[in-house]
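The structure under discussion appears below in the form of structure tokens.
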Amino acid sequence: MKNSKFQIVTFLSLFILLGCSENKPKTLFTKVSSNASGLNFSNQLFENDSINILDNEFVYNGAGVAIADINGDGLEDIFLAGNQVDNKLFLNEGKLKFRDISKEAQIGKTDSLQWSSGVTILDINLDGLQDIYICNTFRKDSIQRKNLLYINQGNSKSNLPYFKEEAAKYGLDDQTYSSHAQFFDFDNDGDLDVFIGVNRIEGINPNQFSPLTDDGTSKSKDILYENVYIDSLDQRKFIDVSEKAGIRYHGYSHSTLINDFNEDGWPDIYVANDFLSNDLIYINNQDGSFTNKAGEIFKHFSLSSMGSDITDVNNNGRMDIFTTEMQPYYNKRKKLFQGPSSYQKEIFTRKYLYEYQYTRNTLQQNLGINPENELPIFGEIGMFSGIQETDWSWAPLFADYNNDGWKDLLITNGFPKDVTDRDFGDFRVTASRLVSKQTLIEAIPEIKIPNFIFKNLEGKGFADVTKDWGLNFGTFSNGAAYGDLDNDGDLDLVINNINDPVLLMENHSNELTPEENFLRIKLTGDKQNPEAIGSTVITYYDNKQQRQSLLSGRGYLSQPEKIYHVGLGKIKKIDSLKIIWPNGKIQIETSPTVNKLNKYAYRPSSLIVNKYNTPLFTKASKNLGLDFLSKDNDFIDFNFQRTIPHKFSQFGPSISVGDINGDNLEDIFIAASRGEDEAWFLQTPESTFIKATVSYKSEEKLEDDSSSLLFDADGDGDLDLYLARGSAQYPSGNILYKDKLLLNDGKGNFTDSSDAIPDVNSNSTSVKAADFDKDGDLDLFVGSRVLPFSYPSSDRSYIFENQSEGNQVKFVDVTTRINPDLEYPGLISDALWTDFNNDFWPDLILAGEWMPLRFFENKEGKLVEITDNSGVQNKLGWWNSLSAGDLDNDGDTDYIAGNFGRNINFQGTEDQPIRLYAKDLDNNGTIDPLLSFYLRDSIGIKKEYLYHPWQDVTTQYVGIRKKYNSFGEFGASTLPEMFNDGLLDDATKLSFNYMETSLIENLGNGKFKIHPLPMEIQYAPIYGIRLQDINDDDLLDVLVVGNDFGMEVQQGMADALVGLVLKNEGDLKMKALSLDETHFYVPGDAKALVNVNLKNGNELIIASQNNDSLKTHEYIKKRAGKLVKFNPNEVKAVINFRNGSKRIQEVYWGDSFNSQSTQNIFITDKILEIKFYNNTGETTRNMAF
């Protein structure tokens, strides 16, 4: 009997558990049917001969959603805008049940032909009731484009809110093809003004370059209305002040964001524009006017910007911006939509003064305030974050959908007919005269794509969780909004679809992860802005922060709830809230209640906030005399090989530093590109510089200095000059590639002695010196990168042995004797002579493309490669640069290796590398490089595809045309399928599987360990590197510059870096310092990075930028200490610190990419002793302190 009872109890328990498990949702979001919710609405389009995608680009632009508590019952209601169907208002009755009260509320369109777009709900007339503002567009009849303003009249006898249309009364019956509205207080007078985004195509081709229209004459320009009180009318009215406010730029506005970008207490305006029209950022001048500063704040934009949102993505207290575009996410669609790579577009962009724009979503990370102009500066990291391609996208919405403390990202997308499908485009060209318009329209492909949702990976990127979170089904979606519609502590979604019912997605975070906490905050502002639109809330907890702002609209045509929702993860206690009211005043609240709605009324304090600490650096004075502009004539490498990944012709200028005239002052040499002169900057006793322009070129000046080196070639105690010539602009072997050696007379006068070096004409890229054979003079490694016009074949590299005797200077090519593998070691970008095994024989490390870092151990004058046993032999990178230093103070030399980073269009991993196949496929004497990468197919499986679009590949290798007759066929074929005939079997095959700039730890005995550096350094390719103790803690810190403006044009410029300082925190841990902490600002196409010591004890950090000026910084607080120089016969020193640690420091003749600084030791009071050594290992000096 007992056993029977036990069995029954066990069965019932199991049944209950199974029942609970079955009822528990399997995904974060689930769809609530319209039958269950009562949300019976579909933005149905009725296309005909005049309303269709062939005749109007805007027919599928969709409509918006607004969420607000219309009747004040604590439940968020929903307003849905319709294009050809009527707008609807749904009252929330609890438990995700909604009632259509549109008829009772009297919010229907005043004309059935009105084409509604964006919607905003707010209290316009300050009577405590929610009003509704609707933008109308599309129709040619201006009367049908009048915007609508429904003023809330309170509740009717049936206790339902009802409205009266009064747009004209308030001056808001705008007729300008308005897409959306953004309410904000632009003049800081307390009331809300409104910015109207206008999107109108009339009489021009929006995809054709033409002179910018910025004089206010464009028919498609936005409108700014000021909210003024009219005494005679005893009411408020909105007055068009666009002209005097400077709102005059042409554009096709899809969305607008409001934020105080330059932190001056006045709201600024970001406008996302479609087609070629530039995105705009209007900076508030505090006098009622604005100035567009887009080009000074952002480096590039999305091409056809759609929706936009702003939030603090990485919880660092700065607001980041995301805009959507139309780049497909799987290969077939990508190839169907991609156009040919057009460098002409880059040329026109510069010619017509457009901003750089690329066909992908962009995530603009706020890097801080530019110390040179007090404007913010952004770096675009969408590719790093994995959110750059989500198809034809509309609304992006940042919010913490899983309450883990990080803002996730929803992106709606869809376009009912793929009119830009290139196969359809080809059909249209041939068939348009033969078939009816209806037949053409029916031939346009229709593919429903899921909306995307991405989980924030704690500020380190995003993961696509569309399937896992329940959104993996196709729609044609446009506007969207979030809100806690069932008051359960998580954010639900409402998404407006074309030709399908509206989506209501219930969030189950409270059920799936009940341990994740949240905070909800509702603000009541002052009397003229009762909902505190334009406010900001910063939540502080557990040494962390989250920053959010309240806008009247975000995403696309829509308005989420007007309550702050802060996910907290497992945090149960909040330290404080900082409320920044729209007028800039601050209010601090402590101990808000977690997992509840907290309400705060306007009662600011007089708190004064100290914004910044003193930064490390400042821009050096112009009085130094270091003004210099690098000029590099544009050479289009892609004209010779269409499918190369980047240019090879713009890697200068190099900088070399040394005392050339024997006055014990450091001078500076700057190399020159084709057609330009070199320059010397000679230091004076007053610690300034005198510029001397020289030409070490032929009369035509066609040579291009690819690298430079100051070293004592002839053993006379002064610095001579070696100029490597390259840049891959001339055919292989051209005389213009001949390197140059110039001997110094000791006074800074140089004589051409190029006959002392071998007569070779390789496309050189780097030159570094060391006494590799320990015979007392300096020998050279001269590295070469690409064989001109034959990528990825490499040109010759060399070991030049110094065999000078007496006054006879002579260098001899001994490469074959030293190691024949060094003749063609790869596409070399940088080299470093360094004694990595501490045996006092200088070893050699090489950095290059499609290869590991290559290590050559010096065995008594022979260089023996040990790469295969180095421990990093499988890390195949696009290595750019090398810099050496004892980063962990353990007595051996570690290295910083600059790589390309993870913010590029193709991502390589060990399992899914980027590959390059190279062969003369069509036997025309030219190598055809084919770049491949792994990308999703239509069902989400990653496969190897060609990277470049159809037109590029067929231009490079016409044979593809014989195999594929359409873009779709080409895009559907994987690379193995495309070349299943064995054509690539004997091709050169290269791989790129490791992308991170890294710290290479020296383990000893020829073994190394690789450590990826912080993510901030992975935003761009790294070139110049400088190791220096910036904070007097005995540890070498890292300064870097980079970017690559010569990337292939499908991706465009890799430009997200503005210079970066990594603080060494010990144990090989590096922390990226913010721009505000350092003011180290090098935003351009930066290459060299050097240190220059002045007579007065100051130090300069100088970076070169291709086609731009030098960037020169100096310490705000001079480093405490003094310099000790190495003697000519010394090669290294061991520095013993008072704390018991020690650091080894070597002498380098050339350090990091295109850079050379003088070799000194900076003495501080933390140093106990320094021992200096010569190349035989003998102690030459012992300095005790």
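Sequential numbering of the sequence shown, starting at 1, is according to full-length UniProt numbering. Backbone N, C-alpha and C fix where the C-beta goes; we use that ideal spot for every residue, glycine too. Since the model is a prediction, treat every value here as computed from it, not as a measurement.
Is residue i helix, strand or coil by DSSP?
| i | result |
| --- | --- |
| Glu226 | strand |
| Tyr330 | coil |
| residue 1260 | The chain is shown only over 1 to 1185; residue 1260 falls outside these bounds and no answer can be derived. |
| Met383 | helix |
| Gly19 | With a pLDDT of 47 at Gly19, under the threshold of 50, the predicted position of this residue should be treated as unreliable, and no value is reported. |
| Trp950 | helix |
| Ala987 | coil |
| Val1147 | coil |
| Met505 | strand |
| Gln338 | coil |
| Thr1078 | helix |
| Lys599 | strand |
Decide if residue i is buried, meaning its Cβ has at least 16 other Cβ atoms within 10 Å, or exposed.
| i | result |
| --- | --- |
| Tyr133 | buried |
| Thr590 | exposed |
| Asn1154 | buried |
| Pro949 | buried |
| Ser218 | buried |
| Leu1123 | exposed |
| Pro1128 | exposed |
| Val958 | exposed |
| Thr834 | buried |
| Arg674 | buried |
| Ile690 | exposed |
| Val1090 | buried |
Please name the residue, chosen from the options, that lies closest to residue i on a Cα-to-Cα basis.
| i | options | result |
| --- | --- | --- |
| Leu397 | Lys345, Leu557 and Leu434 | Leu557 |
| Gln641 | Asn1127, Glu1048, Leu212 and Ser606 | Glu1048 |
| Ser687 | Leu743, Asp193, Glu1114 and Pro792 | Glu1114 |
| Gly251 | Gln388, Tyr270 and Val59 | Tyr270 |
| Tyr947 | Gly908, Ile927 and Gly982 | Gly908 |
| Lys1132 | Ser1157, Arg1181 and Gly1121 | Arg1181 |
| Gly64 | Tyr600, Asp77, Asn48 and Asn83 | Asn83 |
| Val812 | Pro820, Glu805, Ile799 and Tyr824 | Ile799 |
| Asn125 | Phe138, Gln144, Ile151 and Tyr895 | Ile151 |
| residue 1272 | Gly584, Asn905, Gln559 and Phe1045 | In this structure the chain extends from 1 to 1185, so residue 1272 is not present and cannot be described. |
| Leu1062 | Leu1036, Val59 and Phe1045 | Leu1036 |
| Trp266 | Tyr229, Gln559, Gly386 and Trp581 | Trp581 |
| Asp423 | Gly968, Leu1057 and Lys697 | Gly968 |
| Gln357 | Leu367, Met326, Phe384 and Pro376 | Met326 |
If you draw a straight line from the alpha carbon of residue i to that of residue j, how long is it in whole angstroms?
| i | j | result |
| --- | --- | --- |
| Gly190 | Pro530 | 10 Å |
| Asp526 | Gln130 | 16 Å |
| Leu827 | Asp260 | 46 Å |
| Leu577 | Ile588 | 6 Å |
| Phe6 | Lys24 | Only weak support exists for where Phe6 lies, its pLDDT of 42 falling under 50; the value from the coordinates is given anyway. If I take the Cα positions, the gap works out to 27 Å. |
| Glu857 | Asn1106 | 34 Å |
| Tyr1023 | Asp1108 | 16 Å |
| Asp1085 | Gly877 | 20 Å |
| Asp773 | Trp841 | 8 Å |
| Gly171 | Asp185 | 17 Å |
| Tyr541 | Ser142 | 52 Å |
| Gly925 | Asn639 | 16 Å |
| Asn1174 | Glu1130 | 4 Å |
| Gly1004 | Thr893 | 9 Å |
| Ile818 | Gly861 | 7 Å |
Tell me whether residue i counts as near the ligand MN, meaning its Cβ is closer than 7 Å to at least one heavy atom of that ligand.
| i | result |
| --- | --- |
| Gln1028 | The ligand content of the structure shown is nil, which means the ligand MN is not present either. |
Practice task
Evaluate the contact criterion for the stretch 46-57 versus the stretch 69-76: three or more CB pairs, one atom per stretch, below 8 Å.
Solution key: no
Handout entry: Contact between the stretch 290-304 and the stretch 413-421 (3+ Cβ pairs under 8 Å)
Key = no
Practice task
Could you tell me whether the stretch 655-665 touches the stretch 1059-1074, using the rule of 3 or more Cβ pairs below 8 Å?
Solution key: no
Practice task
Determine, using beta-carbon pairs with one atom in the stretch 371-381 and one in the stretch 421-435, whether at least three such pairs fall under 8 Å.
Solution key: no
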